[in-house]
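Worksheet for the structure shown next.
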Amino acid sequence: MSKPLFWPGKRYFYAIGNTSAVSLARDMPPEKDINLLLLGCGDPRNVLFTLFCEPDTATRKLDFTCIDFEPAVLARNVLLLSLIIDKKPTKHLFDIFFHLYLEEDSLALLVSQCQVLFHASTTLDRWRESSYGSTLRMSSQHTLTELRWHWDQYAKMHTLPTTELQMIIKKFRAGVTEYQVQNKDSMSTSARSAGPLMILGTKSLSECFHNFWRYGTTYSSGPHRSSATLLNPSFVYTQSGVGCFVHYGTDPVIPFHLAPIFGNSNSTLSQADIMKGIHIQFQDWCAAFNKHHEQGLCIVRVFFSDAIFGARALQICKKSGMMETRIPVCQWRTALITLDKEEYKHAPLVFNVVDTSNLDDHLGLINILVAAIPLLRGSGDGVLYLESLLTFSPDGNAPKDFAKRFYADLTVMSVLFCLCPVDYITGYSSRGNVHELIAHEQTRRGSTGLQQYHQTTTWRSLSTNPPMVDSWQLGTFLYDLYHSLFEGRILRLSGKNTHLAHYSRESFVLLLRFIRDELQISREEWIAVLDRFFSLHTSDTSMKMDTLRFHDLCGLLYYYGVYTVDVYRMLKMPCVGPFKAWSQVPPVVRVFLTVPREKLQILFENTPTLEAGMQGPRMCNLFSSIHAAFGTLSTIGTPANPKAYFEEDRAGFQGTKPLIVSFAMPAILLSGFGPNYDPPEKISISLHVNSNPANTITYAQALGPYLEIYSAQLLDKEKVLVLPEQPLPSSISGTTMIEVEDELAKSTLQSAGNVVVKQIFFNVAQLELGGRTQNVIFPFPVTVTNHRLRIARKSLWIEVIVPLRKPFSQERVVDPFPIAARNLMPWSIHHLNLECLPVLDLKNRKLHQWLGPHIGAAFSKREVKTRKKKDVDALMFVKDSISSIIMHSAGIQPQGSSLQHIFALRDKATNNCDTVIFIDRLRFDLSSHTIVCDGFVLPMDVQRLKKMAKDFGRLIPKMRNINLEPGEVTSWKQLLPVLVERCRTWTHFESCQYAVEGCIPLTTEMETIPLCACGEGKDVQRMHNIALWKPLAKYCTRFALSPLFGVSYLETIGRTDRRCCVCRAKAGFTCPKCKKDRYCGQACQKKDWKRHKVVYHDAFEK
1 MSKPLFWPGK
11 RYFYAIGNTS
21 AVSLARDMPP
31 EKDINLLLLG
41 CGDPRNVLFT
51 LFCEPDTATR
61 KLDFTCIDFE
71 PAVLARNVLL
81 LSLIIDKKPT
91 KHLFDIFFHL
101 YLEEDSLALL
111 VSQCQVLFHA
121 STTLDRWRES
131 SYGSTLRMSS
141 QHTLTELRWH
151 WDQYAKMHTL
161 PTTELQMIIK
171 KFRAGVTEYQ
181 VQNKDSMSTS
191 ARSAGPLMIL
201 GTKSLSECFH
211 NFWRYGTTYS
221 SGPHRSSATL
231 LNPSFVYTQS
241 GVGCFVHYGT
251 DPVIPFHLAP
261 IFGNSNSTLS
271 QADIMKGIHI
281 QFQDWCAAFN
291 KHHEQGLCIV
301 RVFFSDAIFG
311 ARALQICKKS
321 GMMETRIPVC
331 QWRTALITLD
341 KEEYKHAPLV
351 FNVVDTSNLD
361 DHLGLINILV
371 AAIPLLRGSG
381 DGVLYLESLL
391 TFSPDGNAPK
401 DFAKRFYADL
411 TVMSVLFCLC
421 PVDYITGYSS
431 RGNVHELIAH
441 EQTRRGSTGL
451 QQYHQTTTWR
461 SLSTNPPMVD
471 SWQLGTFLYD
481 LYHSLFEGRI
491 LRLSGKNTHL
501 AHYSRESFVL
511 LLRFIRDELQ
521 ISREEWIAVL
531 DRFFSLHTSD
541 TSMKMDTLRF
551 HDLCGLLYYY
561 GVYTVDVYRM
571 LKMPCVGPFK
581 AWSQVPPVVR
591 VFLTVPREKL
601 QILFENTPTL
611 EAGMQGPRMC
621 NLFSSIHAAF
631 GTLSTIGTPA
641 NPKAYFEEDR
651 AGFQGTKPLI
661 VSFAMPAILL
671 SGFGPNYDPP
681 EKISISLHVN
691 SNPANTITYA
701 QALGPYLEIY
711 SAQLLDKEKV
721 LVLPEQPLPS
731 SISGTTMIEV
741 EDELAKSTLQ
751 SAGNVVVKQI
761 FFNVAQLELG
771 GRTQNVIFPF
781 PVTVTNHRLR
791 IARKSLWIEV
801 IVPLRKPFSQ
811 ERVVDPFPIA
821 ARNLMPWSIH
831 HLNLECLPVL
841 DLKNRKLHQW
851 LGPHIGAAFS
861 KREVKTRKKK
871 DVDALMFVKD
881 SISSIIMHSA
891 GIQPQGSSLQ
901 HIFALRDKAT
911 NNCDTVIFID
921 RLRFDLSSHT
931 IVCDGFVLPM
941 DVQRLKKMAK
951 DFGRLIPKMR
961 NINLEPGEVT
971 SWKQLLPVLV
981 ERCRTWTHFE
991 SCQYAVEGCI
1001 PLTTEMETIP
1011 LCACGEGKDV
1021 QRMHNIALWK
1031 PLAKYCTRFA
1041 LSPLFGVSYL
1051 ETIGRTDRRC
1061 CVCRAKAGFT
1071 CPKCKKDRYC
1081 GQACQKKDWK
1091 RHKVVYHDAF
1101 EK
């Protein structure tokens, strides 16, 4: 297993999402059908909101594949979506999905619907023929079986014998009471769903949270609360068992968008006000889903599986067409993933969008990328979303935590993954996270524990061609990465976050296989890469404990067809010991160990990492890739061809059967072959708690120094079973060489003509020779400032060597706002359906309290300094102009000033203006937590200005000039097509100038028009309502202008805080040792010493 197995302790049920809904189609062109993969899908909020964001006239199809390891999540999702299809009252739908306790009519609807679903799901064929089967699809028989079991339990719970029902209710209420005590002084994280209005909503939303856990509903009125007393069975049954396993942070408010609710209210909101706004949103989402269902424009495929296991099963099906796999559905269950043959005749195996929720927190960033990227559509069309909520930096600096999660240079890792974070390249983001930064800083000052910080990144590929690599360099890099992943393991696991270790040797082996396949490295080169890796591995003596896991690594390399060490190639295993009846012994075998349940009691209160071991007088080896499930194991087959049958204990952790642990290992270790190997009769197989300082303190007294939970002799047939395991099929600077074929270019090259190199795009350089140009595409961002050329004037080739581009390179990219020419989709700024975004009330009295700080925080500390020094930075200039337009449009610069609606972009150097912007509405960009100007742009050349001179002259007195700094005119010409394309509702003509000219924008020169004419006069009806604007509407194009934010994991956002971290007075000095916290005097420094020492000094010294 790519993630180490940890004992789960109390496994929480995430029935409701812990972040607000987002549109998963936000980076897709509006006309294109989309296949979307949701790994760790959770509740259906993102599916519903994505459909809600589709234009009313949309005809494209959206196909969602939703994978989750908790079948109760999927059962609830299908229950809700089926109720929407049946057009049941949304009030009941909301209560059934979000309330812990129900009124009689809501419970009656839940029970009757579950009975309908139960009878419709006897077989996959019957499900497909049901009224739900056209939209709600099942990926496997096992998925349908699990969901059917849950629906049956939901329907029957309130008809159970009184004693049994009362025990369930009592157990559930005890859990709720425990959470009430636990949450007594805590604040809800739902305030983040208000985005930039977080500060206005914190108190009200915290009251909603506590009332939810007090009453089990979102009702604010007494009569409804008093009548909602019936336990909602959909919260009771989970993989963890029967009872209250709902996560203590669950809050029905979180999935919804709270910014318009708070931003358009002039008074303090009550819980009833907040819930009224939420119910309206929920109603709109349900209506959108129902509309798409009726028109046959959406499919939601449900897939019960661990996210990584499910992704690997889809990879196998994609490559080989095989539906049956040897991959378990998840840990603690024994069923293997078998995709339904009928369903996967047409189901997608390649996706335009892959969303991974916040699986990074639970499964590890590298594991997620290795599993997801092979399923992503190539050619630069695919987009992958990563999220995290937790931070593990010892200094609590969450914004900088992202890059550290790779354990290597982010740029190099992007090269190997053939994918890169968009904002890492561009240096800006259209998604706002200012509220996250503020909240994180506030909580960081008050606590040393784990804090939440919501980080979202968008990943795209830059090139379709894999880079060529040097085997020596790659082998060296891979060993350095291996060393980083596992050398500091003990140190990293010495704190309380022991269970969050994400990587095993299998993780690394799967990464190697991924790199080999994605980079299309030849067999000879790959052997050279791994030879270099093992030469370093052999000579490195700094990782003493790594020797215990050497055979874990080698066995997995063989099993996955990545590399075969010499000893596996040369030896023929003797048929002795556990293999004595076998005709042939494969290099890798699978070992099963039966662990009595009573041996596990010591683990139930904690979450340690577990691993298997084999030891004898001479040997000791540990294996981290283990699978575990409760049940009984029986031997079937023949002695020469043994097999096993597993009977699973459905009650799992609450059952009575033992734990069966299995793992793959090299057969040679069990054969007694040679003087360095123990004979089989002296070998034992064991289950251990991973050895680290924290676990040693907790378990050494009870388990002994080796932290051994249970051990049995290899030849004990009652406790140990060994079966054959067949291996799976085998499946950093940049250099590019250009051969010169053009006759004129040949002549110029041979006559010693100069080769000119300039930057076109982040990963594209342009060579100019003899009046001819050639674009050179690299698979990652580069900078041509320090390029080197190797020129063979006789052989007629040119080699370009360029260094990797680092963020905020001083060299200007020709177009920092690119558009994909294939589908006219902005590459770095997300798409919007403006009509579904709420309009901001510009008369709101509280507007200045949040909008000004929100816009001001778009700038990084570096940009603030640049602006103060009046240095040249084209991106900063554009951001400054955008901020000015927004502030004046809202009437808050200065506060209380009149609204400005017309803006002239005027070149400061020439005082000329060739672009006018009309803004009449500001809207909430809901899922990106910012605001957007909904307006129209009027680009002009000399001819156009002559045509409309009279009408244009009337505008001039109403215009506000936006003075553009050096280089900013070009930037705006490049940005305008992006702002138009991100919100267009019309289709480009076949004769579109972009296609004819082959470039976007059409021009960047002053007094020229950069936009095509396809959108002129379209979707500009509002301009006709304003007499002054109406004559110019036919020349205008609608566009969406929003702030461009700094990238918080690359640089510090906002100004440096120079106040005392204790009392917030003016600080006179920083801590002399770590230079982190500021203080006004020694009294505050002394008061803060205990916290400060733990956060900064202790972590640094460790």
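All residue numbers for the sequence shown refer to UniProt numbering, where the first residue is 1 and numbers rise by one. For every residue, glycine included, the Cβ atom is placed at its ideal position computed from N, Cα and C.
Proximity below 8 Å, CB of residue i to CB of residue j
| i | j | result |
| --- | --- | --- |
| T325 | I337 | yes |
| S927 | F49 | yes |
| T915 | M948 | no |
| R960 | F903 | yes |
| M619 | D678 | yes |
| G380 | K3 | no |
| L530 | Y563 | yes |
| F592 | V720 | yes |
| V350 | N35 | yes |
| E930 | G432 | Contrary to the premise, residue 930 reads as Thr rather than Glu in this sequence. Cβ atoms of T930 and G432: closer than 8 Å. |
6 Å Cβ shell around residue i - same chain, five flanking residues per side excluded
| i | result |
| --- | --- |
| D43 | I16, G17 |
| H499 | For H499, the predicted model reports a pLDDT of 35, less than 50, meaning its position is unreliable and no value from the coordinates is stated. |
| M825 | P29 |
| T1070 | R1078 |
| K257 | As written in the sequence, residue 257 is His, which differs from the Lys given in the question. Result list for H257: S20, L926, in chain order. |
Buried versus exposed, by CB contacts within 10 Å (16 or more), residue i
| i | result |
| --- | --- |
| K973 | buried |
| E506 | buried |
| V942 | exposed |
| P639 | exposed |
| R513 | buried |
| S539 | exposed |
| N275 | The amino acid at residue 275 is misidentified as Asn; the sequence shows Met. So M275 counts as buried. |
Beta-carbon contacts of residue i that lie in its chain and below 8 Å, excluding the five residues immediately before and after
| i | result |
| --- | --- |
| I169 | L231 |
| S884 | Q893, I962 |
| K88 | L109, Q113 |
| L789 | V755, V757, I798, E799, V800, I801 |
| T866 | D873, M876 |
Where residue i falls: helix, strand or coil (DSSP)
| i | result |
| --- | --- |
| D920 | strand |
| S711 | strand |
| K1066 | strand |
| R984 | coil |
| G616 | coil |
| N290 | helix |
| G382 | coil |
| K1093 | helix |
| P1043 | coil |
| T325 | strand |
| T338 | strand |
| Y645 | strand |
heavy atom of the ligand NAD below 7 Å from residue i C-beta
| i | result |
| --- | --- |
| T609 | The ligand NAD is not part of the structure shown, which contains no ligands of any sort. |
Beta-carbon proximity list for residue i, same chain, < 7 Å, skipping 5 on both sides
| i | result |
| --- | --- |
| A311 | L39, A371, A372, L375 |
Exercise for the section: Count the CB pairs spanning the segment 928-936 and the segment 1034-1054 that are closer than 8 Å, and state whether there are at least three. Expected result: yes
Handout entry: Cβ contact check for the segment 301-321 and the segment 65-72: 3 or more pairs under 8 Å
Key = yes
Exercise for the section: Indicate whether the contact test is met: 3 or more Cβ pairs, each with one atom in the segment 233-249 and one in the segment 656-668, closer than 8 Å. Expected result: Using a C-beta cut-off of 8 Å, the segment 233-249 makes no contact with the segment 656-668, since fewer than three inter-stretch Cβ pairs fall below that distance.
Practice task
Inspect the CB distances between the segment 621-638 and the segment 332-346 and report whether three or more fall short of 8 Å.
Solution key: yes
Exercise for the section: Please confirm if the segment 251-260 is in contact with the segment 136-144, defined as three or more CB-CB distances below 8 Å between the two stretches. Expected result: no
Handout entry: Meets three-Cβ-pair contact criterion under 8 Å: the segment 76-91 and the segment 203-218
Key = no
Practice task
Report yes or no: do the segment 154-167 and the segment 216-229 share at least 3 C-beta pairs separated by less than 8 Å?
Solution key: no
Handout entry: Cβ pair count under 8 Å reaching 3, the segment 677-693 against the segment 257-275
Key = no
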